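To start, the structure itself, in structure tokens.
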Amino acid sequence: MTKHITTTLTAKPLTKADFAPFGDVIELYKYNEATPQNRFTINQGFAERHHQLATVSHDGGSVGLSIFLAQPRALPAVLSVMEYHPFGSQAFFSLDKQDYLVVVAKAGDDPKSADELHAFYARHDQGVQYHAGTWHHPLLALNQVCQFLVVDRVGGEGINCIELDINEWQVQVEF
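Its first residue numbered 0, the sequence shown is counted upward by one per residue in numbering that gives the first Met the number 0.
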């Protein structure tokens with residue numbers, strides 16, 4: 000049985016301003032936005048540090064570094080689940096120089112329909128960090144299996160991944 004899609008989200012380019020309600024865009028500072036506090040030379044001048052591109056939050060537990068292997072999605076990609084992490088932020092950065100899609104909804108009550116979803120096209124040189132509580136779709140890799148460096152809360156008390164089945168919304172994403 001073929002799923003009848005009723006809503007198609009078109010991903011727009013990922014920008015700091017558009018993504019701010021949901022989290023942080025992790026990318027090198029551009030020269031016009033750099034200050035001596037966030038971009039400076041280290042290691043005897045052989046490296047340039049782009050400092051504090053995002054601030055990790057975690058309520059209890061500890062901060063962990065992981066690598067996820069995301070399977071590629073055919074486009075348009077049918078969306079099936081949204082999730083959020085109530086006790087900490089979660090950051091993703093492609094290690095394979097592959098572009099990917101990001102689908103989010105604002106933190107708070109369960110999203111009620113596809114109208115509350117926002118889709119972004121992330122370049123291979125951009126990462127994202129979801130604020131604690133921000134609803135997001137699992138990784139949407141494109142073209143090939145993609146490795147993502149992930150920084151998030153590990154351990155601690157409480158369930159830190161809440162899922163919402165959205166199959167009945169019949170929504171897909173493309174760019």
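Quick reminder that beta carbons are idealized off the backbone N, C-alpha and C, glycines included. All figures in this text were calculated on a predicted structure; none of them were measured in a lab.
Note the first and the last residue of the continuous alpha helix (DSSP H) segment covering residue i.
{"i": "Q17", "result": "The question names Gln, but residue 17 is Asp in the sequence shown. Counting along the chain, the alpha helix (DSSP H) containing D17 begins and ends at 15-18."}
For residue i, is the classification buried or exposed, using 16 other Cβ atoms within 10 angstroms of its Cβ as the cut-off for buried?
{"i": "V144", "result": "exposed"}
{"i": "T133", "result": "buried"}
{"i": "Q70", "result": "exposed"}
{"i": "Q51", "result": "exposed"}
{"i": "S112", "result": "exposed"}
{"i": "S61", "result": "exposed"}
{"i": "N37", "result": "exposed"}
{"i": "A140", "result": "buried"}
{"i": "Q97", "result": "buried"}
{"i": "G155", "result": "exposed"}
Using 8 Å for Cβ pairs, my map puts residue i next to residue j. What's the rounded Cβ distance?
{"i": "F147", "j": "F92", "result": "6 Å"}
{"i": "A131", "j": "H84", "result": "6 Å"}
{"i": "A90", "j": "I25", "result": "6 Å"}
Following the continuous beta strand (DSSP E) through residue i, name the residue where it begins and the one where it ends.
{"i": "A53", "result": "From DSSP, A53 is part of no beta strand (DSSP E); its letter is neither H nor E."}
{"i": "C145", "result": "145-153"}
{"i": "F45", "result": "Per DSSP, F45 belongs to no beta strand (DSSP E) and is neither H nor E."}
{"i": "D23", "result": "22-25"}
{"i": "T7", "result": "6-9"}
{"i": "D98", "result": "Where D98 is concerned, there is no enclosing beta strand (DSSP E), given that its DSSP letter is neither H nor E."}
Considering only the alpha carbon of each residue, which of the options lies closest to residue i?
{"i": "D95", "options": "S56, L74, F67", "result": "F67"}
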